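The next block holds one structure in the form of structure tokens; read it before the comments.
There are 2 protein chains.
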Amino acid sequence: MYRSHTCGELRLADAEKEVVLTGWVQKSRKLGGGITFVDLRDRYGVTQLAFYRDLDADLYEEANKLGREFVLQVTGTVKERSSKNNNIATGDIEIHVAKLLILNKSDVPPFTIEDETDGGDDIRMKYRYLDLRRNPVRKNLELRHRIAFETRNYLDKQHFLEVETPVLIGSTPEGARDFVVPSRMNPGEFYALPQSPQLFKQLLMVSGFDRYFQIVKCFRDEDLRADRQPEFTQIDCEMSFVEQEDVLNIFEGLVKHLFKVVKGIDIPELPRMTYAHAMKYYGSDKPDTRFGMEFVEIKDLTAGKNFGVFDDAEYVGAICAPNAASYTRKQLDELTNFVKRPQIGAKGLIYVRYETDGTLRSSVDKFYTPVDLAKWAERCNAKPGDLILILSGETEKTQKQLCELRLEVGDRLGLRDKDTFNCLWVIDFPLLEKDEELGRFFAKHHPFTSPKKEDIEYLDSDPGVVRANAYDMVINGVEVGGGSVRIHNSDLQEKMFEVLGFTPEKAQAQFGFLMNAFKYGAPPHAGLAFGLDRLVSLFAGLDSIRDCIAFPKNNSGRDVMIDAPSQIDIEQLKELCIEVKKSE
Amino acid sequence: MYRSHTCGELRLADAEKEVVLTGWVQKSRKLGGGITFVDLRDRYGVTQLAFYRDLDADLYEEANKLGREFVLQVTGTVKERSSKNNNIATGDIEIHVAKLLILNKSDVPPFTIEDETDGGDDIRMKYRYLDLRRNPVRKNLELRHRIAFETRNYLDKQHFLEVETPVLIGSTPEGARDFVVPSRMNPGEFYALPQSPQLFKQLLMVSGFDRYFQIVKCFRDEDLRADRQPEFTQIDCEMSFVEQEDVLNIFEGLVKHLFKVVKGIDIPELPRMTYAHAMKYYGSDKPDTRFGMEFVEIKDLTAGKNFGVFDDAEYVGAICAPNAASYTRKQLDELTNFVKRPQIGAKGLIYVRYETDGTLRSSVDKFYTPVDLAKWAERCNAKPGDLILILSGETEKTQKQLCELRLEVGDRLGLRDKDTFNCLWVIDFPLLEKDEELGRFFAKHHPFTSPKKEDIEYLDSDPGVVRANAYDMVINGVEVGGGSVRIHNSDLQEKMFEVLGFTPEKAQAQFGFLMNAFKYGAPPHAGLAFGLDRLVSLFAGLDSIRDCIAFPKNNSGRDVMIDAPSQIDIEQLKELCIEVKKSE
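Chains C and B are the protein sequences, given in the same order. So for the first sequence, our numbering puts the first residue at 2; every next one is plus one. So for the second sequence, our numbering puts the first residue at 2; every next one is plus one.
Rendered as structure tokens:
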């Protein structure tokens, strides 16, 4: 071992010990009077090295030549500092160095290795191995390790077995976004990389594994958004002989465990919100419940006053922003511009200021009297000082716009604190989703998702109202996980395929393999998957999942550090029996 | 929850409890006198269900119609059995069933779901999800879970961080056996799947992660042998500021921990055997040390007696098989045929029987007197009753043959017990390996492996004798892990490339990326990787790694269950900008 202690370890109690430390030069400060301090950094902390010209002039000179990020081994004595630093754990001591060995030099790094660096995104990604030296980046990955580790601890205690499912699997007709892998041994044939281990985990239930989980890489070859990566990690789970309630309880327990052991936070029992409720009051199936401002429908209160915008609207919805009546004209204009952005697409924004003196002023005073406005305010539970914001139009579209507005106002009012965590289950999702263009229904989750028993009778007459035994866990407006109870009864499964417009032949072609397996005694089963990347970024208070991935890819799916993907050798292509054929 | 208890849980103390069980029909026995017993199985065990015609004739009739592998939910009362079964944990009780619900029927499975099944390899692989229902197969995967889990426990306690490295990486010129993945977003470009995370783990050391591990899938597109799979799992580790000794100690600790918690076995301190010693006394760098029979060189004792075979041989080596003097002519012929098989390639086998009466009889009595033979026996430490077996020829080749013979005889003498575990480190591997045809040296491990300090001076003059700081862990003759101290000094690295015949340009092209990273302060580092599949199969006493993988591929790299790889849609190929071009 090159060291006796780490750079985060020494305390006043260690004073006068002879120690050997290793690490990187964080910075060095040449003070007057022949004293030089060097901060030595490793994963565990920073320790101050002290060099005194009076004690050893040669060593002092050497120390003055050390560059940033040099790798050192120093031998010395732990001494109490004269001026202590309370900001770091080792701040009471310094090392009076007796021996200095440069283990490796370093070129000047292309950006500073500090919590707040001067490096832009691109350069930091290119030199990701240096970016990873920075405390905040490393801490995200330490957090990721801890979350994965504690997930395994919890699930192991609940008798889950971690089973590795294959990475090289078969491509399916619906797998348009599969990554494929040519097989050298089977010319002209391809493996696919899994978008999820769904098939295999259901097979493991058929195998009687009872409780399965896996922290597993999954792959999707599609255009990437800020929070998507071509490879991502799932906490994938499945259980047998359980109902929805059991799955919710077990995984509520997981999340409580993680918050407790990783962040020291006690999470209260997770509320369960129906999909219908979430859409009606938040305009989203992943409501951010850290703050109120639920939607209030006021269409009936606005009718018949000759305000065409509201009269013609299918839906008029309000949110009440607490203590925002003091918003300036400029602030209100910003909000109006926000909702009018093409991504949101509202035509305009109506507001009512509930002044602290009790008066009500709105942008539609021409049409509505203070008595009208008071009725709105009453329904919104508004108090003096609040600001009511109103959007109108086609119901679903307007609710989505109102959802965006609510989140924006929540941000502006500081109601979306990253250190506050609000978790809930969203349940009772619709089983099917109608493609209005094609005029037919698709499975919202997947075709093996079980409908609610009491809704099965509507599968033929009114498929759109059938609810599924499907559930999502939502934290702070982020869907961190979701799953469903699966169909294990073959009659019901056939019925589902019929509703989805599959001929028996087509069903067999696409799903025959799993259906055949189900012939040999499939148990009732249910499961879910959490997105580990999202979970970690939420715990870390990050905006993007990229910052909790050691070596992420950019929005074009490129690893700019190693420059992948890249062209490959013509010989290698030949061996794989493929040719590149760029379409012109 | 469909059940109140599992099928492995109920004991005599639970008698008279009302319980609900779920599981699969293992078998049913219709006894005389209106009694039917059904064994209900789940992952946790088997519980006997009892149906009595006298108590409920309808239920009794229903029970008689249950087929193998039907999925049941039963409600009933726990009763003490009249005739107990000591072979199973629930053998003291049975369930008097009051309610029977068939959760799912089952077709008759294509083979019996028993510890000893009637299904051949092919059918079991095709229906792997049924094969996984069998106890021995499931137990292997439970063991795998436990080993992975305890590996993480141990390494976490040692401050290792599990960091996920990318699966979609870049192909390298030496990556002839890389699986490649066309990128849709980057037409004409390919990712590669990692053969190991070597590059990334060394980068993480440059990043100051200090202690990294990962249980990770790796990929190799090559012809498969019985114990190879195109995707396999490594316990991959790397540490900074350590020397070889530190790595050996940490991972000796890991293996001791695994044996202790998983198998309840205390493993003594691991002996360290040099590569030179292993080759000289076992003819292998992965000696099976569960038994003795080390090689004894007797060339000097055999010389000058006109026995041309020995006189002309570079090497004459013996092994002494304890208590095998009683081997019959037939048994000796079998051994002779064994060594003469083309895979082994010896010309013949000489033996000396040290009879229990003290006389010595050999197959070369024409050339050697009993006094000669007594000298051989003495050097072999042979005792009356032992059998000495001798091979001769070119040194290296003969040692390999003698190695095979030793293992075969060890098998025949029952000295290779699967429940005995003998672990050791093999160290001081040669740094370089000479390709005799090409007349040049190659890195035995990889070009970043560090030579021993005291051998560096021979890098130019006699590269073949230079030893590496490289090490393998060997258990029962199986290499379960290995690694090395890496070069972190750029001068030494350049020297290595020179010895390996790389021009600076070629070195830059192939390894430039890592070399550049090393410019920014690489710490001294070292690591190793264990093959999880091999480790588990060893713990399970299996001959093949396939049996400890949930969904393995066959020798052609095919998953016969899901029939992958397979052809893919022409449209999909077009989108990926590739074409299949089978060479004729």
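Heads up, the beta-carbon is just placed ideally off N, CA and C, and yes, glycines get one too. Bear in mind the structure is a predicted one, so any value in this text is a computation, not a measurement.
Quiz item: Which residue comes first and which comes last in the beta strand (DSSP E) that contains R362 (chain B)?
Solution: 361 to 363
Quiz item: When the distance is taken between beta carbons, is I320 (chain C) closer than 8 Å to Y352 (chain C)?
Solution: no
Quiz item: Near Y61 (chain B), what residues of its chain come up, given a Cβ to Cβ distance below 8 Å and the 5 sequence neighbours on each side ignored?
Solution: G35, T37, F52, Y53, R54
Quiz prompt | Backbone secondary structure at N87 (chain B) - three-state DSSP | solution = coil
Self-check item: Sequence-distant residues of its chain with Cβ nearer than 7 Å to F368 (chain B) (five each side left out)
Solution: K306, N307, F308
Self-check item: Against chain B: residues of the stretch 184 to 202 of chain C by CB proximity under 8 Å
Solution: S184, R185, M186, N187, P188, G189, E190, F191, Y192, A193, L194, L200, F201
Self-check item: is_contact[C404 (chain C), chain B] using C-beta, thresh 8 Å
Solution: no
Practice problem: May I ask you to list the residues that DSSP assigns as paired with W426 (chain B)? | Solution: B:R273, B:M474
Quiz item: Quick one: any contact between the stretch 513 to 524 of chain B and the stretch 478 to 485 of chain B, if contact means 3 or more CB pairs under 8 Å?
Solution: no
Quiz item: So, helix, strand or coil for N105 (chain C), using DSSP?
Solution: strand
Quiz item: Can you tell me whether S241 (chain B) is buried or exposed, with buried defined as 16 or more other CB within 10 angstroms of its CB?
Solution: buried
Quiz item: What in chain C is Cβ-close to K583 (chain B), meaning under 8 Å?
Solution: P188, G189, C578
Quiz prompt | Partners in chain C for I1 (chain B), counting only beta-carbon separations shorter than 9 Å | solution = Nothing can be reported for residue 1 (chain B), as the shown portion of chain B is limited to 2 through 585.
Exercise. Answer yes or no: does any C-beta atom of chain B fall closer than 8 Å to that of P448 (chain C)?
Key: no
Exercise. Measure the alpha-carbon distance for R441 (chain C) versus Q494 (chain C) and round it to whole angstroms.
Key: 18 Å
Exercise. Could you give the DSSP three-state label for C381 (chain C): helix, strand or coil?
Key: coil
Practice problem: Would you be able to state if there are at least three C-beta pairs under 8 Å between the stretch 454 to 472 of chain B and the stretch 425 to 438 of chain B? | Solution: yes
Quiz item: Given E585 (chain B), which residues of its chain have a CB within under 6 Å of its CB, disregarding the five upstream and five downstream residues?
Solution: The predicted position of E585 (chain B) is uncertain, since its pLDDT is 49 and thus under 50; a value taken from the coordinates is nonetheless stated next. Cβ neighbours of E585 (chain B) beyond the five flanking positions: none.
Exercise. Spatial neighbours of H489 (chain B) within its chain, please: CB distance less than 6 Å, with the 5 preceding and 5 following residues excluded, ordered by chain position.
Key: A523, P525
Quiz item: Name the DSSP bridge partner or partners of E480 (chain C)?
Solution: C:V475
Quiz item: Closest by CA to M497 (chain B), which one among B:G483, B:A510, B:F71, B:S451?
Solution: B:S451
Quiz item: I think Y459 (chain C) touches I428 (chain C), with their Cβ atoms under 8 Å apart; what is that distance to the nearest whole Å?
Solution: With a Cβ gap of about 18 Å, Y459 (chain C) and I428 (chain C) do not count as contacting.
Quiz item: Hey, is T152 (chain B)'s beta-carbon within less than 8 Å of any beta-carbon in chain C?
Solution: no
Practice problem: Taking C-beta pairs closer than 8 Å, name the residues in chain C that R559 (chain B) reaches, listed in chain order. | Solution: N187
Quiz item: At which residues does the alpha helix (DSSP H) containing A149 (chain C) begin and terminate?
Solution: 136 to 158
Practice problem: Give the range of the beta strand (DSSP E) segment to which K202 (chain B) is assigned. | Solution: Careful: K202 (chain B) lies outside any beta strand (DSSP E), inside the alpha helix (DSSP H) at 199 to 207.
Practice problem: Round the Cβ separation of G359 (chain B) and P323 (chain B) to the nearest angstrom and send it over; I've been treating them as touching at under 8 Å. | Solution: G359 (chain B) to P323 (chain B), Cβ: 16 Å. No contact.
Exercise. Report the residue ranges of all alpha helix (DSSP H) runs contained in full by the stretch 10 to 78 of chain C; include only those spanning at least 4 residues, in chain order.
Key: 58 to 65
Exercise. Only counting runs of 4 or more residues, tell me where the alpha helix (DSSP H) segments fall wholly within the stretch 471 to 559 of chain C, in order along the chain.
Key: 491 to 500, 505 to 519, 533 to 541
Practice problem: Look at the alpha carbon of K376 (chain B) and the alpha carbon of Y282 (chain B), and state the distance between them as a whole number of angstroms. | Solution: 19 Å
Quiz item: To which residues of the same chain is E190 (chain B) closer than 8 Å at the C-beta, ignoring the five residues directly before and after it?
Solution: P183, S184
Quiz item: Listing by chain order, which chain C residues have their CB less than 7 Å from the CB of Y130 (chain B)?
Solution: L204, V207, S208, A518
Self-check item: chain B contact for M2 (chain C) (CB, 8 Å cutoff)
Solution: yes
Quiz item: Going along the stretch 87 to 119 of chain B in order, which residues come within less than 8 Å of chain C, judged by CB to CB distance?
Solution: L104, N105, K106, S107, D108, P110
Self-check item: Residues bridged to R468 (chain C) (per DSSP)
Solution: C:P431
Quiz prompt | DSSP three-state assignment for M240 (chain C), whether helix, strand or coil | solution = strand
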